[in-house]
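Protein chains in written order, with this note's numbering: chain A, 274 to 602; chain B, 7 to 532; chain C, 1412 to 2039.
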């Protein structure tokens, strides 16, 4: 008994090399593989483009508009993080229009959002001569939960004495992380990481509209009542510190967070056989945070609750009264 | 993708991310699990088979594949042996018979069998839902049968993959921590192999297969085993029928436990050797589920008094009259590479660091590592021995529900917790709701239970009290517990101590229990 | 997908509303009752269920229409039925202004206080309603919103309802077993009070709109409007209905595109893209299926022309869509209709049903082997959904957030497939093009702006309404048609809130694309809104700025924050609290405007400064203020 043997694929198919596309950036010629973004082409030339909502492990949502560049022939500026190159494209990354729009984006954000824990924010504000205060003194914080109740399509007329902000109290509703949405630039990264790009838990989404748009659980319930599985993959991608592990938040609150004296060591998570690389941030002999490298092929920077928070037991061994001491098995 | 007896969404979350990418690229997912788990909710089809009917489902699918002319005959002829016997053995498993045993409707078994057989590439992944049965090895072999029957093995994107539950289950085997193998899966009964190790180590090795854990417990019972050295394991709580295990451990003349915590097992020990958390306080390697050898690194110093595991073993060796010197983890690894060169010769620490791990075998330093095994089966003429089909009988759970114990208890894991909870007890989250017995809405209604009501759960071996949680993922007659909180609720007082004779794994996945409401005033669960 | 369901049971009413919309559940795993032996062992999921996501908005609308808000149980049940994560559905529910996520009375009067209505007394009306009925449901000064009793009748402010020809206008929405929606024209405070007290609504105002050119010779797009019974397919067919479709079948797809190209038809929604090129781009895409989307979400303040076509010549829209689908190779079409157009919905749904029954939709249309069908989707209160990619997102069951382009819809549009998206008026133009021939059609109008156009004339004119004139007709001539150039004309807004103001001395401008471009203005969606000297233009400008802030989807920074900063600056000017003087504020507005124009994802942010800029630079509005 034999049947005609269909062709079977035995090994991994080699990908056909991509055609090269030549373009011009700031007067320099560069050839990059088809499908490369303008941002990628700029990186190949060593041209730095500021980004906020872009991350190499996430689908570009191109919402922050900080990475805009000028493409000859285009009516408006284009987001370099998502726009792919085309043959003969002429790109300007430092024109007056580009500088102006980036400056506006930075000023609009800095005047409405707390950027104090956004790495690189101060440098950018200086580089682009920003003066966020020119929109007026920042409006005081709203009471907790108020922003979540605002009606789409309606708003209270502005108070001419203040520039509106999204200032609000931080949400501390669980033991593992803090959501300080007064620092949220609405980059969508956490939503993408929690949702379609990685975790697919969809515990959070952008809710509301316009200036009142915000990150929310369903019905704005506290995190413990939501679908959250505490993987912390949202924390891993947050560019502003709006989402932060409680361990880091508490240390910062005590003024004890000291990145300069932390050691960073890659090891393997002990919790299952997948082999996630775990980057341990150790300060004064204690683990203060666990992350995973974005370029790790297994994790792409992601972990689960056990990997991201399961290290605490190590520090609970030494003294009396830890879980080891009471014979917990 | 067949995810068979695995709730990877919770037990292997990051691996599941990769599976989700595949699903979004069009891969079809079938989940075989008595519970409609979170993994099963991602499936194109969830097959909620009756507990312990895996061989019957596999045999039924095999018969359907053969009868539909979908068996991969060119592969079978080239690469396998025992097909005719196998074919005859599955013949009684008609779709109707299979449906009767497994509970899966015949049309669905047929559809899934055809889809699997006709797929370009298909993979079977499993976890403890396959192996924690009294016929664990049969269950595994039944999945291998399917892959041989359809040629879904030895090729990119195919194969049979157990998803390992700890970061070094695979590595333990790699390094010879199994009764019948020396490091690098080299046969201890092979004289030439033994000679190589004896030369290197300067000792004589006994050509004798050792005991697995279950056999050791039996040997203690028979007074053949009187001393035990336990490294980083908590059998007093992690093994089935724990009252009995504790009795056996107490019976030992001498028990040494090397641990990072004073676990229940350590409390029974004569000597406790405090050691380090190997994944963050020591150097070394582990091997993950895809055979990738990965480096673990020391990120911090251990607490005062805790010693490196390698140092402890060296010191014990010294006391026993053999000086290992003072090897580093890398020294030990390099010795392994020379003793198992075909396996690990190319995996220097430098390369492991540079490549973020390497999949074995990797015989030399120019070798990129091996993404899949058994490609030899597709060579013509075939390389090596033929792959054998196995003739397997359906054999349901040893203990089935009856009038006295009308519910079937199956056990498993939850996302936020790990094994006996030693490590995951260190943090709190909303997901930590403690132990519960999960029960179908139908049984809950029958027993007049509301969510959170305390119930008394009894089996022929023990009784415990635990809150009930109504779970729509369960069908009537099936209840679910974990073993994450043994101090509060020692689930293993209920489970049955019957084990697979070959692998030694116990039938954690099935035992008969009775659930009764208890008055709240009747006392605490302790 | 493993979702955590909302821990709230739907009421029987909510369950019924959702099941009526979606059909009954298929198993215990999508909201059905448990107990079947098959469900205990089998569940289909993922792909099968994942494909239902696009029904999210209709299902939410069903709950809203039944109980007056998106209750927890209702939301939960929708999520369970469609396997949509509750947080995701929450994000959608909180995006649309006509969906309420807090309890709301069953009967709500949405009173337009947008610019066209303001030009006809809406502010005074609103004050009157506040006096006679009470405060609107809106935010309190702290930004929190007013909580209202569930059983009390209520009213809300509304952006432009597309009833500018009957300004001031309102929309009454009443939830219940037979939900009712009624457009109300020429609203008075007294009338509002009666409506809020539960009084009868009478005939929908959109059924009897002013049709100023009724019976005039030479009408093309409007020639059936008000003349032919819009509810009768037979009447439509007697009035040349489906002759164009017959012609299309003779010409073949390429032939149709050839005629449309010869006609030089460009999009009437405002973007002026050549229609033939769009269809050809979709036709030649290899990826299938192709979709046709009729953009009937006209929400640009001051725009109501499509409403008239939809309510008074719905079969023409159906026929035109069928022809477009035939040309672009689409087998499925969607009409995305703005939620505030209940009569248009009724008439279109009826027209589609009649066409289907007559074999004019479905398989073998007019005996050919061409198959096409149409589904109607309703918006739920979001101006942004008029942007074509936001509209796609909305049909797909998501928040109406525009996508970055490229890729363009012709390549990757609705559901990621090649999509031809056309505005209602654009589509309807294909009928005269095929009947006359493209070349003949192109003889009307100017060299670059061919054919006729519908203009929505509103504000301070004697006879507001939709006017059809040849492209290139001057604005003055259009005003003459509408009863004369308004006395004391102060300014004319061309193109809507996203358009520009022009001065009274500029009304000799020919209304063609090339002439308006040359004059640095735009026809946009055909809005011609006149303001006489009784209107406070600063108030109009504040409303425009407020409109953009309200309608920004919030996705990109320049628009989300820029529209707020723009409105703040205008309020500072209006209240005399400028920072650094007027010229400094105007410079700041210019900078914000440039950032929004260059940096925003879509046309909303890109044009949010246009009207303000023209008021400052063209009307010299602030100079007048200084002068005052």
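Glycine residues also receive a C-beta, built at the ideal position from the N, C-alpha and C atoms.
Since this is a predicted model, take the numbers as computed values, not measurements.
- By the Cβ rule, the segment 1998-2009 of chain C counts as touching the segment 2019-2027 of chain C, because three or more pairs are nearer than 8 Å.
- None of the residues of the segment 423-435 of chain B has a beta carbon lying less than 9 Å from any beta carbon of chain C.
- Scanning the segment 1781-1806 of chain C from its first residue to its last, the whole beta strand (DSSP E) runs of 3-plus residues come out as 1784-1789.
- Between residue 20/B and residue 463/A, the gap from beta carbon to beta carbon reaches 8 Å or more.
- Contact check for residue 292/B against residue 275/B fails: the beta carbons are separated by 8 Å or more.
- Around the Cβ of residue 13/B, a 10 Å sphere holds 16 or more other Cβ atoms; the residue is buried.
- Of all residues in the segment 1563-1594 of chain C, only 1567, 1568, 1569 and 1570 place a beta-carbon less than 9 Å from a beta-carbon of chain A.
- At a cut-off of 8 Å, the C-beta of residue 110/B has a neighbouring C-beta in chain C.
- Collapsing the DSSP output to three states places residue 166/B in a strand.
- Using a CB distance cut-off of 8 Å, residue 1462/C does not count as an interface residue toward chain B.
- Residue 432/A is a Cβ neighbour of residue 412/A, given a cutoff of 8 Å.
- Counting along the chain, residue 20/B sits inside the alpha helix (DSSP H) bounded by residues 19-30.
- Under the three-state reduction of DSSP output, residue 455/A falls in the helix class.
- Secondary structure at residue 1569/C: strand, using DSSP grouped into helix, strand and coil.
- At least one C-beta of chain B is nearer than 8 Å to the C-beta of residue 560/A.
- The Cβ-Cβ distance between residue 1717/C and residue 1709/C falls below 8 Å.
- Sixteen is the threshold: when 16 or more other Cβ atoms of the shown chains lie within 10 Å of the Cβ of residue 387/A, as they do, the residue is buried.
- Nearest to residue 218/B by C-alpha distance, out of 233/B, 229/B and 186/B, is 186/B.
- Between residue 1995/C and residue 343/A, the alpha-carbon positions lie close to 27 Å from each other.
- For residue 442/B, the closest Cβ of chain C is not nearer than 8 Å.
- Cα atoms of residue 58/B and residue 1772/C: separation of roughly 54 Å, rounded to the nearest angstrom.
- Using a CB distance cut-off of 8 Å, residue 101/B does not count as an interface residue toward chain C.
- Taking a contact to require three or more Cβ pairs closer than 8 Å, the segment 123-137 of chain B and the segment 80-91 of chain B do not qualify as touching.
- A distance of 8 Å or more separates the beta carbons of residue 194/B and residue 123/B.
- Taking each of 388/B, 340/B, 455/B and 237/B in turn and checking the Cα distance to residue 189/B, the smallest one comes out for 340/B.
- Residue state for residue 1843/C is assigned as helix, using DSSP reduced to three classes.
- Less than 8 Å separates the beta-carbon of residue 385/A from that of residue 439/A.
- Taking 8 Å as the CB threshold, residue 363/B lines the interface with chain A.
- In terms of Cα proximity to residue 1715/C, the closest of 1617/C, 1765/C, 1767/C and 1889/C is 1617/C.
- DSSP places residue 562/A inside the beta strand (DSSP E), whose first and last residues are 559-564.
- Apart from the 5 residues on each side of it in sequence, residue 421/A sits with its Cβ closer than 8 Å to the Cβ of 480, 481, 487, 489 and 493 in its chain, given in chain order.
- Residue-level contact check: residue 579/A touches chain B, since one or more beta carbons of chain B fall below 8 Å from its beta carbon.
- Any Cβ of chain A closer than 8 Å to the Cβ of residue 1798/C would place that residue at the interface, and such an atom is absent.
- The contact set of residue 582/A on chain B, defined by CB atoms closer than 8 Å, consists of 433 and 435 in chain order.
- Checking the DSSP bridge columns, you'll see residue 1743/C partnered with 1702/C and 1784/C.
- Three or more Cβ pairs closer than 8 Å define a contact, and the segment 1526-1541 of chain C falls short of that threshold against the segment 498-512 of chain A.
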